[in-house]
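Taking it in order: structure first as structure tokens, then the write-up.
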Amino acid sequence: MLMIKEVNTHNLKVVVLHIINTLSQLKFKELLDNLEYDEYYNWTPELLENVISNYGFPEESLGEYRISSISDYNEKIISDNIIDHEDGTYSLDFEVPLNGEMSDLTISIEIRKSDNSYKIVLGNIRVM
């Protein structure tokens, strides 16, 4: 399970890079095995692949988009987009690179307190 000890920009950057690079390798099942996900979205490896390849839409036929691997992510973007909720959870929306260029396809994650650390929960993937 992907967890962090402290919610800060550096740790969230590591999480964002892990998610992006795992998806760029088409390891959809591996990502879902290592993250919790919001049951509302009922993520499966196939649905995750379809939503990404179809630019945020869940059609069954595979589209032409693929997440690109990256080695860095702007920490200012992360710090500007992290939301600290009153219930002690955090949320973060981050855009992903598709076909070699940054896009407006956005992944939402929630960061939830769990004992002495925080677990990462996959939420929605959509165009913002």
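Heads up: the sequence shown begins at 88 in the working numbering, then just goes up one per residue.
Ideal Cβ placement from N, Cα and C applies to all residues, glycine included.
Among the options, which has the Cα closest to the Cα of residue i?
i      : options                        : result
Asp74  : Val101, Leu110, Met88          : This structure gives no information on residue 74, because the portion of the chain shown stretches from 88 to 215.
Glu133 : Lys114, Ile91, Ser158          : Lys114
Tyr128 : Ile198, Pro145, Asn141, Lys116 : Pro145
Lys92  : Glu162, Asn203, Ile212         : Asn203
Asn161 : Glu123, Leu122, Val183, Leu110 : Val183
Ser111 : Glu188, Ile165, Glu197         : Glu188
Leu185 : Glu197, Lys163, Asn141, Glu173 : Asn141
Once you ignore the five residues that flank residue i on each side, which residues in its own chain have a CB closer than 6 angstroms to its CB?
i      : result
Asp180 : Asn168, Thr193, Ser195
Asp171 : Tyr177
Gly143 : Leu192, Arg213, Val214
Using the DSSP secondary-structure output, state which residues sit across from residue i in a beta bridge.
i      : result
Leu209 : Tyr124, Ile196
Val214 : Leu192
Asp174 : Paired residue(s): none; Asp174 is not in a bridge.
Ile91  : Tyr205
What did DSSP end up calling residue i once you bin it into helix, strand or coil?
i      : result
Leu182 : One point to set straight first is that residue 182 is Glu, not Leu, in the sequence displayed. Looking at Glu182 - three-state DSSP - the assignment turns out to be strand.
Ser111 : helix
Ser166 : helix
Ile157 : coil
Glu151 : coil
On the DSSP letters alone, give me the boundaries of the alpha helix (DSSP H) that residue i sits inside.
i      : result
Val138 : 132-140
Which same chain residues, not among the five before or five after residue i, have their C-beta less than 7 angstroms away from its C-beta?
i      : result
Arg199 : Thr176, Tyr205, Lys206, Val208
Glu117 : Thr109
Is residue i close to the ligand FMN? I mean its beta-carbon at under 8 angstroms from any heavy atom of the ligand.
i     : result
Lys92 : The ligand content of the structure shown is nil, which means the ligand FMN is not present either.
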